[in-house]
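Q: Using our numbering, the letters of the sequence shown correspond one by one to residues -12 to 178. Here you go, one structure.
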Amino acid sequence: MIEIPSDLHKGLVPLAFLLGNWAGAGVHDFPGSEKCNFGQEVSFTHDGRDFLEYHSRSWVLDGEGKKVRPLESESGFWRIDAARKVEVTMVRDDGVVEVWYGELADKKPQVDLVTDAVARTAASGPYTGGKRLYGYVNSDLMWVGEKQTPEVELRPYMSAHLKKVVSPEDVERWAKALPEDMPDDGIAFFK
-12 MIEIPSDLHK GLVPLAFLLG NWAGAGVHDF PGSEKCNFGQ EVSFTHDGRD FLEYHSRSWV
48 LDGEGKKVRP LESESGFWRI DAARKVEVTM VRDDGVVEVW YGELADKKPQ VDLVTDAVAR
108 TAASGPYTGG KRLYGYVNSD LMWVGEKQTP EVELRPYMSA HLKKVVSPED VERWAKALPE
168 DMPDDGIAFF K
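Put into C-alpha cells, the structure is as follows:
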C-alpha cells in the first residue's frame, strides 16, 4: 500500500512509493570483485522540503544468510520536477560522488536513472558511470544497478528485492484506521 504523508511536499507525491524503510537481499557480481549474496537496508525519508533523503547499507551474506562484513553504503537526495524528470545526488563510501538523471515511468511506479557526472577520490576504484532501475512491484521495492569502468563495459552488477519494514507505529496507525464494522472472521473480505 502506498501512503502519502500529509506533510509530504506536493511535488514529491509521484515518488511517494519510495518512502519508508526497506530491507531485503540481492546479488552482487562484477569482474574484479567478489561475487556474493548481500543483505540491504534502504530508507527514503522526507522533512517537508522538495527532496527525499536516501540512505542505503549493504553487507555480504554467507551461505546461511548471516552478515559477514559491510559491502557498500551510500546516501543522497532525490528530486522530481513537474515534467517527471528525476535527479539524484549520491555519495558512496568508496569515495565516489555521482549525479544521476532520469524519469518516472508513465503510469507506473518505476524510475530509470543514468549517471550524468562522476567524481572520484584517489582512494576509489575505477568507475565511469552507471544505470539504475527502481520499481515498486506487488508492494515491494526492487532495483537493479549497472556499472562501467574503463576496463568493463556497462553491465549489471547488483540487484535486490526489498520488503517494507513495518514499525510498531505503523501497526498502531493502521489498527486505528480499521472500520468499526469489520467482520470477526475476516472471510467477508474475500467474498
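Yeah, the Cβ is synthetic: ideal placement off N, Cα and C, and Gly gets one too.
What does Val256 pair with, by DSSP beta-bridge criteria?
A: Here the chain has residues from -12 to 178 only, and residue 256 is not among them.
Q: Nearest-angstrom Cα distance between Ser20 and Arg79?
A: So the alpha carbons of these two residues sit roughly 17 Å apart.
Q: Which value, in whole angstroms, describes the spacing of the CA atoms of Ala69 and Phe38?
A: Their Cα atoms are separated by approximately 13 Å.
Q: For Tyr121 versus Val84, is the C-beta spacing smaller than 8 Å?
A: Not in contact: Tyr121 and Val84 (Cβ atoms no closer than 8 Å).
Q: Buried or exposed: where does Val0 fall if 16 or more other Cβ atoms within 10 Å of its Cβ makes it buried?
A: It counts as exposed.
Q: Under a three-way DSSP split, which group does Val0 fall into?
A: Residue state, collapsed to three classes: helix.
Q: With distances taken between CB atoms, is the gap from Phe25 to Trp46 smaller than 8 Å?
A: The answer is yes: Cβ separation under 8 Å.
Q: Residue range of the beta strand (DSSP E) that Leu91 falls in?
A: First-last of the beta strand (DSSP E) with Leu91: 83 to 91.
Q: Taking the alpha carbon of Gly117 as the reference point, which residue from Asn125, Val101, Ser111 has its own alpha carbon closest?
A: That would be Val101, whose Cα lies nearest to the Cα of Gly117.
Q: If you compare alpha carbons, which of Thr136, His(-4), Ser126 is closest to Ser111?
A: For Ser111, the nearest C-alpha among the options comes from Thr136.
Q: For Lys163, name the three-state secondary structure that DSSP assigns.
A: In the structure shown, Lys163 sits in a helix (DSSP, three-state: H, G or I).
Q: Per DSSP, which one or two residues make a beta bridge with Gly26?
A: Beta-bridge pairing links Gly26 to Ala12, Trp46.
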